[in-house]
Every structure is written in C-alpha cells, then in structure tokens.
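Structure first, commentary second.
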Amino acid sequence: MLAFSIRRLFQALLVMIVVALIAFTLFRFVGDPVNQMVGVETTPEQREALRERLGLNDAVIVQFARFILNAAQFDFGTSYQFKQPVAEMIGKRLPATLELSVVSAIFAVLVGIPMGVYTGLNRDSFLSKVFLSASLVGISLPTFFIGILLIFIFSVNLQWLPSFGRGEVVQIGWWSTGLLTWSGIKALVLPAITLGLFQMTLIMRLVRSEMLEVIRTDYIKFARARGLPNRTVNYRHALKNTLVPVITITGLQLGTIIAFAIITETVFQWPGMGLLFLQSVQNVDIPIMAAYLMLIAFLFVLINFVVDLLYFYVDPRLRTERAIK
Amino acid sequence: MSDEPLNRNAPQGALKRALDSDILHSFLRSKVTVVAAVITALYFIGALFAPWIAPHDPFDLAGISILDARVPPVWMDGSDPRFLLGTDDQGRDVFSAILYGSRISLAVGFLSVILAAIVGVLLGLVAGYVGGRTDAVIMRIAEVQLTFPAILIALLIDGAARGLFGNLDREKYVFWILVFSISLSLWVQYARTVRGSTLVEKNKEYVQAARLIGIPPFLIMIRHVLPNVIGPVLVIATINLAIAIVTEATLSFLGVGVPPTQPSLGTLIRIGNDFLFSGEWWIAIFPGVALALLVLAVNLLGDWLRDALNPKLR
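Residue numbers (our numbering), protein chains in the order written: chain A, 1 to 325; chain B, 326 to 639.
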C-alpha cells in the first residue's frame, strides 16, 4: 500500500510539473508580460528596467524554476487587469466555488443513488422508464441551457428563487459562507441543481447498471433464500457492492464539477473562481489563467489520489490481494 | 456469429448486401432510432440549405427592420404571420436565425470531430504499432489531458489565441480556433481506443506477413491495420459530434465562441438570455430547444450505433 501510494504520488508530481510547464509557457510566451503591465507612455528604458526586475532576461529554465518556486508558495504574480495579487483574488472567490461544487455533488449523490437503486430493482416499472428517459434528456441538455430553463421557470415565472448572486454571506475568518443565511441558501438552490444534474444522471445510470449485475449474483439469491428482509438485501448486500465504481466516478466527477462551475457561475453570476477565470480569458489576463490552471490541476490530482486510497478502504479484496503478493 | 453468410441465397452486390444487413434490420426495429435519424437528417438539410429554406436572411441588414423587433411567436397576441417563432431585439426572424445557427454549430461540430479523429487515430496507431518509448510519451500526454474537461482546455486555447492574435484579429480566425480547440480536447479517446485494438492486431498473421514481404511500417499501419481498427472510431465520432456541438454552444454562450455577427445556436441563446426577464422568452428558449433536440437526436443515434456494432450484444 505504501509503495502504491508513493508511485501514485510520483505520477501526481509529474502531472503537476507538466501543467506548470503549460501555465508557464502561457505566461511567458503569449503576449509580452511587460506590454501588459505598463502604459503607452512608458519609455523603452523603463520597460527594460521592468523587464530586468521581473527577471524576464534570465535563461528560460531559470525563469521556469522561479515560476514553480513561486507557485509552490502560492505566488502567481499580479493580475494585468486588476493590479492585485492573483492568489488573493482567487482566495477570495474560492469559498463560493467550493460551496457550490460540494453542495451540487451532495445533491447528485443523494438523489442519483436512490434513483439508480430504484430503477435497477424495478426494471420495468413505469417510474423507472420515466427516470431513464428523463436522464437521457438531462444528458443532452447543455448545462447552461438547464440553468436558463430553471431561471425562466423558477425566477421569471414563479418568482420563488433568485436568479443571480450568492445572497447574504457570513464571514467566518477568511471563509465567506452563504449556507448560514436564508437568502444565501435560496440563492444556492438553482445553481447547485444546474451544476449537479449531469452528475446526478451519470450516477443514476451507473448505479442502475451495477445493481442489475449484482442482483443476479449467487450471494444475493442466497441472501433472499435465507429470508432476509428485502431492505437488508437491497441496501446492505447489493448496494454496498456497487459502490466501488460509483466512488471512482463521483470522485473524478468532483473535479469536473469544479471545472463546469465556470458555466454555472456565468449563468447565475455566481461570484466564484470560474467567473473570474472566464473574465480573465476574455481579457487575456494571463496570470489569473495560469494560476487557475495550476489550482484546478492540483485539485484534480488531489482528488484522484484520495479516490485511489478510498478503494483500499471500500474494497477489502484489494487489501488482501496485495498482502498475498 | 460465424464467418459464413447467414443466408446463402442472400442477394449479391454491395447495395443489396447493405439492404439485407443486420445493421439495417436493427435500425428499422428501433423506432426511437429512426425518429432520431429523421430529426438529424432534417437538421442537416436545414443547415445545408438554410439560405433557400429560411424565410428571411437574418444577416442581411437591408432585410431586417427594427420596427419588427421583439415580435412574439405566431400563436401569441401581437404576433406577425411573417415570423413563425417571433423576432429578436433587432427584428431578426428567430426561425431563420436558428437555421443559420445550426449551420455554424454543425460545421464546427463536424470539422472538430474529423480533425480530432484524424489526430487521435494516427497517434493511436503509431503508439500501438511502434510501442516502446513513443507509446509511453503519447499515452502519458493523453493521460494528463484526460484529467482535464474538454471545456477547460478549449477555454485555455481560446485565451492563448486571444493573446497571440489580439482580439480584433481573433474574429477572423475564430471559427478555426474553435475547431482547433474543441478537437484538441477530444482526440484522446480515439487514440486510446485505436491503440488498444492496434496492440491486438499487430501480432496477427496478416500483419506479420505484410512485414515479411517488406512493406514499410507506415503503409502497414495505414493500409492493413487501420481498416481493422476503425470500427469503434465511428461510434466515438458520433457521440463526440454531440459533445462537440455542446462544447461549441457552451463556448459561444460564454462569449468566447463565434461573434454575434455570425451567430451559432449558442450565441443566439446568449443574445436571448438578456431578454429573459423582460418577457421575450422566445429569443433564448427556441434556439435552446433546437440545440437540445439536435444533441438528443445525435446522442440517440450514437447509443444505437454503439449497441449495433457491439458484437457482445448480438
């Protein structure tokens, strides 16, 4: 297990270095950093001085090393457009995105798993067919259009829920949360559903196909023959054995959720990192783009690593197999 | 299934064989698939012949009038029979705009899928056939890229392109930047699939025979291995067409896609989104429904194709 973790750690490190290289290339070679920072009236001498001060005249490999060292200390330079430290700007918006992502992931799991179990157990019931057709439509609807539809129904026509912003937020240390106020929770509902719907259908379909396979196995038949109540068989024996792929997909999807938050945040004007990133793409604000890329890569790598370790926890067979070897 | 024909009296000739094939039968048996195929075909026809079918030319400035702005669809009060699905804020016919929009959406989708397939299949072939270090490098790149969602990669490339060309020049190349960034985010799946089947094929006798008589590796890959690994590519391509269309629409919606002067379905939704609250819902909702219907139809076709070409399910 230790050897496995170390190997994964090395792979993770490799991914991070590759991503850092891409981010650095973006930063260094797309547009001239000096041109972006100074005004038109700056003299060539001043430009050259700035160039020297930023270290842009050093060898590229030295610059790359410096870039990585700075990144490791969460120093991604200054935004071209806002003239503020990038790390600070992203830090301020991190809680909004993380709250949105985590709530949608919880929504996807809490709704998706029971729906998957139900459709797996009652294959031919009318409700199952409704769920399945709905999930196909759900997969085909682009995220942003789901958001627009929800706004159209619940904000414009019914006027139940707000269509933009985070509502009132409470500051706890450096973390700002919208989960403690009523308006904050109301503001979270539509974006969280929009963001989690795709994952929900994915989880539902996955649990369904796994359940279909598991309930055909012998040990489930034996459990039924022993006269165990249906609830025990379905949830304690069958569902438990479908969870390995579900954990993998859900874990990997958490990364996708954070990335897809860009779209949801744009539709709902949610003040998170995704919106910041999108604005930086439109304004070619390279330091923010580079920092966001590094942050997302880090989250992905971290999530993958945790998911790998979770396997061992969920599936005892993996532990014994390794022990025998 | 054996190699022998099921029916020895089966009609000869390519066309007749196709008419009697398993695939056609399984196609006609599934009503949903037939409907999906018809819808997809209608979109293709609508997109190809948009200038002739569309009742108005939404980009002809002389043809549109601001006086016709914000007319609701025909079944609502205050509508105008000339505009089936109403008009937008500049008096453009929504129905015509959808036809022209599908044209751009489908063009971007098709081109990016083709480009992604070419790059992915070639890299997969080389990785599988040559093996060794080449294989390791290509597959590592694929793995790293696979961890990032397509939309993020496309956004980054677009951002980089803006930096390189500047915002004004970008408008000229935007179509190709979109195609390039979407295809770059899709090639991995082809490469992995083709590599897998190439690994199996390259040890078969016909490949060894070809190698023995001295055919150069590149020709063996293209002429002998490729035809035997291309099947699954078709399935991936169909499903990817739906993904590519959604990605393009999303990028356009986010404002980094095609400009409003040549709107795709995504751009139309973006434009209409501003009028959702003032009551002109049709400007955004109709293009959105058109987009969803197209993606759903292509997805259904892809699902069916995957099952039909999967020998395990026969």
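The beta carbon of each residue, even a glycine, is placed where N, CA and C say it ideally should be.
- The beta-bridge partner set that DSSP reports for A:Trp175 consists of A:Ile172.
- In this chain, the alpha helix (DSSP H) harbouring A:Gly138 covers 126-140.
- When 8 Å is used as the limit between beta carbons, A:Met289 is near these residues of chain B: Leu481, Gly484, in chain order.
- With a cutoff of 8 Å on beta-carbon distance, A:Ala108 and A:Ile203 are scored as near each other.
- 8 Å or more divides the Cβ of A:Val207 from the Cβ of A:Ala238.
- In this structure, the beta-carbon distance from A:Ile249 to A:Thr143 does not fall below 8 Å.
- For the stretch 167-255 of chain A, the continuous alpha helix (DSSP H) assignments of 4+ residues that do not extend past its boundaries occur at 182-214, 218-225, in sequence order.
- Beta-bridge partners of B:Asp418 (DSSP): B:Thr412.
- Per the coordinates, the alpha-carbon of A:Ile61 lies some 10 Å from the alpha-carbon of A:Phe67.
- For A:Thr266, the three-state secondary structure derived from DSSP is helix.
- The beta-bridge partner set that DSSP reports for A:Thr119 is empty.
- From the listed residues A:Pro162, A:Thr256, A:Met294, the smallest Cα separation to A:Gln269 is found for A:Pro162.
- Annotation note: the stretch 471-557 of chain B contains no uninterrupted beta strand (DSSP E) run of length 3 or greater.
- Taking a C-beta cut-off of 7 Å against chain A, the contacting residues of the stretch 587-599 of chain B are Ile594, Asn598, listed in chain order.
- For the pair A:Tyr311 and A:Leu252, the Cα-to-Cα distance works out to about 13 Å.
- A:Asn283 and B:His350 have their alpha carbons spaced roughly 54 Å apart.
- Restricting attention to B:Ser522, B:Gly456, B:Ile439, B:Leu625, the CA atom closest to the CA of B:Ala562 is found in B:Ile439.
- Flagged as an interface residue toward chain B: A:Pro142, by a C-beta distance shorter than 8 Å.
- Shown here for B:Ile545: same chain residues with a beta carbon closer than 7 Å to its own, the five before and five after excluded, namely Val532, Ala535, Arg536 in chain order.
- The Cβ of B:Ala574 sits closer than 8 Å to at least one Cβ of chain A.
- Contact with chain A is found for B:Gly580, since one of that chain's Cβ atoms lies less than 8 Å from the residue's Cβ.
- With contacts defined by Cβ atoms closer than 8 Å, B:Leu630 and B:Leu559 form a contacting pair.
- For A:Ser280, the enclosing alpha helix (DSSP H) begins and ends at 273-282.
- The Cβ-Cβ distance between A:Ala96 and A:Leu195 does not fall below 8 Å.
- Residue contact with chain B for A:Ile151: present (Cβ-Cβ distance below 8 Å to some residue of chain B).
- B:Ala609 counts as buried, since no fewer than 16 other beta carbons sit within 10 angstroms of its beta carbon.
- In this structure the stretch 448-463 of chain B does not touch the stretch 584-599 of chain B; the number of beta carbon pairs closer than 8 Å is below three.
- Taking 8 Å as the threshold, the shortest C-beta distance from A:Ala49 to chain B does not fall below it.
- Contacts with chain A at 8 Å (Cβ-Cβ) include B:Ile610.
- Less than 8 Å divides the Cβ of A:Ser79 from the Cβ of A:Pro287.
- Interface with chain A (8 Å Cβ-Cβ cutoff): B:Pro397 is excluded.
- Under the 8 Å criterion on CB atoms, A:Thr266 is classed as interfacial with respect to chain B.
- Using a Cβ-Cβ cut-off of 8 Å, A:Val281 counts as an interface residue toward chain B, since at least one Cβ of chain B sits closer than that to its own.
- For B:Gly597, the uninterrupted alpha helix (DSSP H) run begins and ends at 590-598, by DSSP.
- Our two residues, A:Ser125 and B:Val357, have alpha carbons roughly 19 Å apart in a direct line.
- In its chain, beyond the 5 residues on either side, Phe144, Gly147 have a beta carbon closer than 6 Å to the beta carbon of A:Val267.
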